[in-house]
Each structure stands twice: as C-alpha cells, then as structure tokens.
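Numbering (the numbering used here), first residue to last: 4 to 547.
Working notes for the structure below.
Dropping the structure here:
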C-alpha cells in the first residue's frame, strides 16, 4: 500500500506508475520531475536503476509501483522523508510516519531509539521511535520484489572523500567559483522569477546565497532576520542586505511571544508534522516565517533558500584532534561522534545500559577499520554526520517552510557541490581553509564594507594567540575560566539568549535542568518525548 498525502510546500506529481515530489533538474537546468521519472521507468534491474539515480540531481522523493516491484527513493540529503513498514506481508510506503502508527498491529516503542533521540535529537540508521516503522536514509533506495516478497535497502550515494584534486589555491578557487555559478544558475532558472527569500544571519553561508544571487543578477529577493532588537547577527544581516540592495525585514522575538506560541495548538501540529518520529522539531525561524506571511510580505509562491549546510561540507566540523595523530583507532572516531553528537543532555544510568547498542549502530554506519590515518578517520566522522545529523536535524529544518506551504531550495546540497568537496583533501577543509581563501578572493568589497577580516589558519589573531598561550602554559587557569564562563552562561542564558526562545519554559524549569541539558533543543526534545506513554520507563523525570 502506498499512502503519499503530504502536499505541503511541494505537491506529489504522478507520471504513470511513478510518484515524484520535490524538484529534479533536467539537462537544461529546468525543473522536471517528468524527466527524472521517465529515466527510472522500466528499469527493473537493480544495478541499472541505481546507475540512473546517480545521474539525477535535485531534492526529491520518488516512489514507483508496478506489477512486479515497488521502488522508493530519497535524495542525497533525505530532504523529503519516506517511511516503510509491513502489515502482515503487505509493504506500506508513506511520507507520514504518524499515519503509519495507525497501520501497526504491534505499536511497541523502540527503547534504543528513545535514548538516541534524547541524547542526539534524532534517530539514526533506518529506525524511528517505533520498532515497526522504518525510514529511508540519505541517498537510499528501497526495492521490494513482489513475487518473492524480498525487501532490499541500498545506497546509491555515499558522501566520501577520495580522488583528491592536486592543484594550487588559484586553480581550486576557480573550480569552486565555477561550481557555485553552475549550481546557483540552475537554481535561478528553477525560481522562474518568483521571490527568493533568504533567512540571512550574520554568518557566511546565507551571506554566500545572497551574494551569488546578486552576482547572477537576480533582483526579486528579500532577506529577513530575527531575535532581540539590534542583536549582532541581525545587524550584520542588515548590512549585507543593504550592500547588495535587497529588501530586509526584521522580526522581533520576545520570551512572552515564544511562551504564548509554545502552548498553542499550532505548535502541537507543527511539532508532529516536522518530527515524523525521527527528528527534533526545528522552531528557530518559525515565528519569523509566520509573521512575514501574516503581514503578506511573502507572496504565496515564494521560495525560501537557507544556507544549510555549507560550513559542514567545507570542513568546519572536522575534529582538530585528528590532525595531531598519525594513526587513529576506530574507538577514537566513535568516541568523537559520541562527544560531538550525543550530548543534548548528560548520560543517565539508564542511558548507559544502552551504550553498547548505540555503539553498534554507529559502527553499522561507519563500517569497521581498526587503524586509520587522519584523512580516513575524518572521512568516517563526516560520513556519519552527513547521513545522520545533517540529514535528520539540519536539512529536516525545511519542514518549517513547508508548514506554511512554501517551496524551498538547498543549493549547498546540490550534487555538483558534493562532487567538488568530496575531492578536496583534509588540509584544505580543516577550519574551512579553502572556503576562507575563496571568500577573500571573491568578496573583497563586501568584506571591506562589513569591516570583517576572514580567519586565516596561518595568521591567527592576537586574541587566539593569547587563548592558546593560557591554555598551554596555564592549563589550570584556563580550566577555571572555562568553567566560570559555562556557569555564567547557564545562569544568565535564559535572559541573555539572542533569540529569547527559552521563553517556552519558566525560569524555574530552566535553571533546574540547565546543568544537565545542553541547549534549547534539549528542552524541546524532552517535551516531545513526554508525549509518549512509555516515557515512565525512561529515568529522566523533568522537574516542573
């Protein structure tokens, strides 16, 4: 049975026995779900089918059913989730995990997945919070043979780093510029004159989106920012929009507004819609989109273009500790994944009972390799993050745009960008080294206007040098100062947060849990899990 009912943002299109949602680029850089589906139809050999998938570009979900097979496909970043389950021997495919609960005879909750969701904010692999509901991951295809009832999940894409380009900085920068021009040119073609809406922060990723649109002469653009009045991020955002000549809007956030919305029916609807039994709901720019729509600032056919997740693919998340070792063990890689991603709250005694099972899940994803060089270890680390955090936490944030029925684009997850950065060595990715060189070479006037000096790995600022000196020569003092800063930020974070979104809870509730919860996501995760009847099995009673 196939149930594809979610037509928010993008609608499902039907071409014969093929269902397509999202956007697929044809050879002329036009949107064409038909072209993509036509290539896939009548491809019943698994190898042939996967080879066609490797050629497709865009962000999509595809389901095909004929007399012999059912195929289901997610794109390279799982931007449009698909779920599957069995009722008796019948396969069920859906775009709504919550709907699938109704189809289950056994509605058992997966205890390991509950722990993962609590600690990381998402469920890894093909699991969901329910034992008998599964999900397709990034770059995966499901193939179900009706005759023998065999189900197979295969990867048609894996984000790995290999076949490194052996050129100097100038050549690499020129190739990167050509890549960006290709990617944004086809994106502009797909907009077809519609308003491009950029959530413009003070960071570099969304700035690059705006910069490229301006370079290509696209003028139907507005930018927006949000938070407390005159916060640092929004002030930079306003400067960038002014320099580029784009309209800029600001939406003020207050604790009172957050508190009122968080107790609303709309929040409950959105939480259910965006999580899909897998991901922590993304709230950050919900209020901004809501206000801009309510004030008719955003036309109904607007396309929202966030900067997800250029920093990751450029190398910003590479553990620097990997570079200090000649040989890195599998244990070190797994420990790095745990430390960086399973940290939304402190591990309880109950969590530790599932430690070995969580380790097994990580190893199932990254594979086995006892001893690696820094390049190989980094590749494993980034592979896991691409498939899990980026796909299920970062890319999944586009649900907020869909909820208001807007289309979106994710230019930094274009196939061509994957292919470029997959061939860039760790030396040029660590600390976003090549990216900074690219920005310095292409955005000189904008940087001067903003009075921003881009980081240089070879010429550290005096502040960084002083910090490193204290850490090296006065390690005990550094530890004390760091702990004091953490305590100060925890105590005053409720009031000082630039988004003011701790207003969803009381200060009493916040301070009771501040030292075992990592950030606002921790509270959102916790509240989400409280909706499950089996929550009493979990030793994390939230203090009211």
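Quick reminder that beta carbons are idealized off the backbone N, C-alpha and C, glycines included.
Quick check: what's the CA-CA separation for residue 146 versus residue 239?
48 angstroms
Using the Cβ count rule (16 or more neighbours within 10 Å means buried), how would you classify residue 310?
buried
With a threshold of 6 angstroms, establish whether the CB of residue 51 neighbours any heavy atom of the ligand PLP.
Annotation note on the ligand PLP: not contained in the displayed structure, which lists no ligands.
Would you mind sorting residue 291 into buried or exposed? The rule is 16 or more other CB atoms within 10 Å of its CB.
buried
Residue(s) in a DSSP beta bridge with residue 103:
The partner list for residue 103 (beta bridge, DSSP) is empty, contrary to what the question assumes.
Apart from the five residues just before and just after residue 332, which ones in its own chain have a Cβ nearer than 7 angstroms to its Cβ?
373, 374
Taking the alpha-carbon of residue 108 as reference, which of 393, 14, 92 has the nearest alpha-carbon?
92
Nearest to residue 411 by CA position, among 27, 419, 478, 4, is which residue?
27
Would residue 340 and residue 321 qualify as a contact pair, given that the criterion is a beta-carbon distance under 7 angstroms?
no
Please state if the CB of residue 99 and the CB of residue 223 are separated by a distance shorter than 7 angstroms.
no
How would you call residue 235, buried or exposed, if buried means at least 16 neighbouring beta carbons within 10 angstroms?
exposed
Run through DSSP, which three-state label would residue 190 get?
helix
So is residue 154 buried or exposed if we call it buried at 16+ other beta carbons inside 10 Å?
exposed
For residue 382, does the count of other Cβ atoms within 10 angstroms reach 16, so buried, or fall short, so exposed?
buried
Ordered list of alpha helix (DSSP H) runs contained in the segment 206-241, each at least 4 residues
207-218
Out of 4, 62, 54, point me to the one whose CA is closest to residue 12's CA.
62
Simplified DSSP state of residue 316, which is helix, strand or coil:
helix
With 16 other CB atoms within 10 Å as the buried threshold, where does residue 440 fall?
buried
So the alpha helix (DSSP H) residue 449 belongs to, where does it begin and stop?
447-453
Need the endpoints of the beta strand (DSSP E) that residue 123 sits in, please.
Segment 114-123 is the alpha helix (DSSP H) holding residue 123; no beta strand (DSSP E) there.
Of the listed residues 60, 388, 318, 219, nearest to residue 181 (C-alpha basis)
219
Please name the residue in 247, 233, 312, 403 whose C-alpha comes closest to that of residue 80.
312
Determine whether the beta carbon atoms of residue 377 and residue 325 lie at a separation below 7 angstroms.
yes
Of the listed residues 437, 389, 452, nearest to residue 128 (C-alpha basis):
389
With DSSP collapsed to three states, give me the class of residue 183.
helix
Give the straight-line distance between the Cα atoms of residue 503 and residue 56, rounded to the nearest whole angstrom.
43 angstroms
Taking residue 26 as part of the beta strand (DSSP E), name the residues at either end of that continuous run.
21-28
Using beta-carbon positions only, say whether residue 186 and residue 419 come within less than 7 angstroms of one another.
yes
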